[in-house]
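A.B. asks: Residue numbers for the sequence shown follow this note's numbering, so the first one is 13 and each next one is one higher.
Backbone N, C-alpha and C fix where the C-beta goes; we use that ideal spot for every residue, glycine too.
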Amino acid sequence: MPQIAKSETQFDALVIGAGAAGLFYGARAGEAGLRVLVIDHAAKPAEKVRISGGGRCNFTNVHTAPENFICANPHFPKSALARFGPQDFLDRLARHNISWHEKTLGQLFCDGRSGVIIDMLLSELYETGGELRLATLVHGVERTGTGFRVGTSGGTIEAARLVIASGGLSIPKMGATGFAYDIARQFGHAVIEPRPALVPFVLEGREKEDFASISGLACPVRASNDRAAFTEAMLFTHRGLSGPAVLQISSYWAAGEAVTFDLLAGLDAAAALTAFKAEHPRKSLLTALETLLPNRLVALLSARGEIPAVARMADMPHTAIEALVEGLSRWTITPAGTEGWRTAEVTAGGIDTDGLSSKTMESRIVPGLYFIGECVDVTGWLGGYNFQWAWASAHAAARA
Ligand SMILES: Cc1cc2nc3c(=O)[nH]c(=O)nc-3n(C[C@H](O)[C@H](O)[C@H](O)COP(=O)(O)OP(=O)(O)OC[C@H]3O[C@@H](n4cnc5c(N)ncnc54)[C@H](O)[C@@H]3O)c2cc1C
Numbered sequence: 013m014p015q016i017a018k019s020e021t022q023f024d025a026l027v028i029g030a031g032a033a034g035l036f037y038g039a040r041a042g043e044a045g046l047r048v049l050v051i052d053h054a055a056k057p058a059e060k061v062r063i064s065g066g067g068r069c070n071f072t073n074v075h076t077a078p079e080n081f082i083c084a085n086p087h088f089p090k091s092a093l094a095r096f097g098p099q100d101f102l103d104r105l106a107r108h109n110i111s112w113h114e115k116t117l118g119q120l121f122c123d124g125r126s127g128v129i130i131d132m133l134l135s136e137l138y139e140t141g142g143e144l145r146l147a148t149l150v151h152g153v154e155r156t157g158t159g160f161r162v163g164t165s166g167g168t169i170e171a172a173r174l175v176i177a178s179g180g181l182s183i184p185k186m187g188a189t190g191f192a193y194d195i196a197r198q199f200g201h202a203v204i205e206p207r208p209a210l211v212p213f214v215l216e217g218r219e220k221e222d223f224a225s226i227s228g229l230a231c232p233v234r235a236s237n238d239r240a241a242f243t244e245a246m247l248f249t250h251r252g253l254s255g256p257a258v259l260q261i262s263s264y265w266a267a268g269e270a271v272t273f274d275l276l277a278g279l280d281a282a283a284a285l286t287a288f289k290a291e292h293p294r295k296s297l298l299t300a301l302e303t304l305l306p307n308r309l310v311a312l313l314s315a316r317g318e319i320p321a322v323a324r325m326a327d328m329p330h331t332a333i334e335a336l337v338e339g340l341s342r343w344t345i346t347p348a349g350t351e352g353w354r355t356a357e358v359t360a361g362g363i364d365t366d367g368l369s370s371k372t373m374e375s376r377i378v379p380g381l382y383f384i385g386e387c388v389d390v391t392g393w394l395g396g397y398n399f400q401w402a403w404a405s406a407h408a409a410a411r412a
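(1) Alpha carbons only, please: which of Thr344, Asp194 and Tyr138 is nearest the one belonging to valine 258?
(2) Among Lys60, Trp265, Val27 and Ala287, which residue has its Cα nearest to the Cα of serine 236?
(3) Rounded to whole angstroms, what's the CA-CA distance from threonine 158 to valine 233? Just pull it up for me.
(4) Which runs of the beta strand (DSSP E) at least 3 residues long sit entirely within the segment 294-361? Give them in chain order.
(5) Please indicate yes or no: does the CB of serine 262 lie closer than 7 Å to some heavy atom of ligand 1?
(6) Between glycine 349 and alanine 267, how many whole angstroms is the CB-CB distance? I'm expecting something under 8 Å.
(7) What would DSSP say about lysine 18, mapped onto helix, strand or coil?
(8) For glutamate 143, tell me which candidate among Gly124, Ala402 and Gly29 has the shortest Cα-Cα distance.
(9) Following a CB-centred definition, is cysteine 122 positioned closer than 7 Å to any heavy atom of ligand 1?
(10) Let me check understanding here. Comparing Cα to Cα, which of Glu59, Leu93, Cys83 and Ala58 lies closest to histidine 75?
(11) Less than 8 Å between C-beta atoms, sequence neighbours within five positions excluded: which residues of the same chain meet that for leucine 215?
(12) So, helix, strand or coil for cysteine 231, using DSSP?
(13) Any idea if glycine 385 is buried or exposed, counting beta-carbon neighbours within 10 angstroms, 16 or more meaning buried?
(14) By the 10 Å Cβ neighbour count, where 16 or more other Cβ atoms means buried, how is alanine 116 classified, buried or exposed?
(15) Around the C-beta of alanine 323, are 16 or more other C-beta atoms found within 10 angstroms, so that it is buried, or is it exposed?
(16) Which residues in the same chain as valine 388 place their Cβ atom closer than 6 Å to its Cβ, once the five residues preceding and following it in sequence are excluded?
(17) Got a sec, what are the start and stop residues for the alpha helix (DSSP H) methionine 246 sits in?
(18) Does the Cβ-Cβ distance between phenylalanine 36 and cysteine 69 come in under 8 Å?
Written as structure tokens, this is what we have:
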């Protein structure tokens, strides 16, 4: 898409951050008649869109509801999500002939590479008269009588509206910065301590060594704590635990806390073991468990003493079966930590929504200042919810 170089320094809206939220805002505000400039310090726009969803961008989730988001004020995301839902984004894809499919749990992915979403965002920005300047560093932001003055490596820019869309802290090597939080604090906003979310757990010591020996093994589990529960796959890694169930519960985890895994999720394991015992009384407990769990996991749990050595199922009374099932359903691990910003898919925490309008994302402290996308204290579950928040919050701000 050819980009016409302009030297103007005055715009209706200046957007900092050419990611999902910033580019989407640019097009929507352009449609509403605003002259928009989007700037980014990176050399390429929307790099997280490019790598998202394994390269096919899980751009939304058909089941999107406020309950799929973590926010200190759970009511905050409701308004924006209600006014721009998954179908609204699908309508945009249809206009650009972008084909998609549902994978699982309502997760919608592009049929082709995620670059088609970036092309759509850019073409809509340019078609609505917006401008994009990359490799542009921001030196400082100040308020003027009529808006904002922003010093950049490309000169000073003035705009009536300043839209902060510079994302969170995850994956610093892709250019993530705490810029949004710095601006928020500069203008008197509170920031809820950002923390890595949708991130694998790491283990230490004996646990790390033990589970590294089955790295690559996946099994369905129900991961839970007293705040949330997710039934999806868990993956053992050479550092600890990953997979969708683990990423999901990590968003609800605080350092030092234990996580409970039901390794027999969805199975009537007591009935299955009782039936096995009746049919094969001379077979071992390990053989019985191998009908329910991966063999390597059974062997490891046995070696760790988490499964008793019972040579014949005939010697396993019903109470022992029930105790074993209880233990495997409430298998508890206390992670040593997470893999941190290096691999976290998103940032939980961020700009406190108490200081923002839920209808427009505008600052309640500084008129004309907006925060959208991941920098806000709204964090979606795994499965397309974070992009849906980027689109919905951008749409809400552009409608302001
Ligand atoms: C590996 C991975 C896979 C993911 N997959 C999915 C998925 O399939 N589905 C889903 O819903 N979510 C997914 N996410 C999360 C999703 O990518 C983000 O939630 C989303 O991109 C947030 O959009 P945003 O526009 O707020 O921020 P970003 O997309 O992060 O954009 C922020 C932009 O601001 C720029 N910027 C940062 N600091 C500055 C600065 N100081 N000056 C100027 N510019 C700056 C950055 O260069 C970037 O271009 C994934 C994330 C990762 C890391």
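C.D. replies: Checking against the coordinates, here is how it stands:
(1) Thr344
(2) Trp265
(3) 55 Å
(4) 343-345
(5) no
(6) 7 Å
(7) Low confidence applies to lysine 18: its pLDDT is 44, below 50, so where it sits in the model is not reliable, and the reading given next is rough at best. Coil, per DSSP.
(8) The shortest C-alpha separation from glutamate 143 is found at Gly29.
(9) no
(10) Leu93
(11) Phe223, Arg251, Gly252, Leu253, Ile345, Pro347 and Ala348
(12) strand
(13) buried
(14) In the sequence under discussion, the amino acid at residue 116 is threonine, which differs from the alanine named in the question. Threonine 116 comes out exposed.
(15) exposed
(16) Gly362 and Ile363
(17) Looking at the DSSP string, methionine 246 is not in any alpha helix (DSSP H); the run it does join, the beta strand (DSSP E), is 241-248.
(18) For phenylalanine 36 and cysteine 69, no; Cβs fall outside 8 Å.
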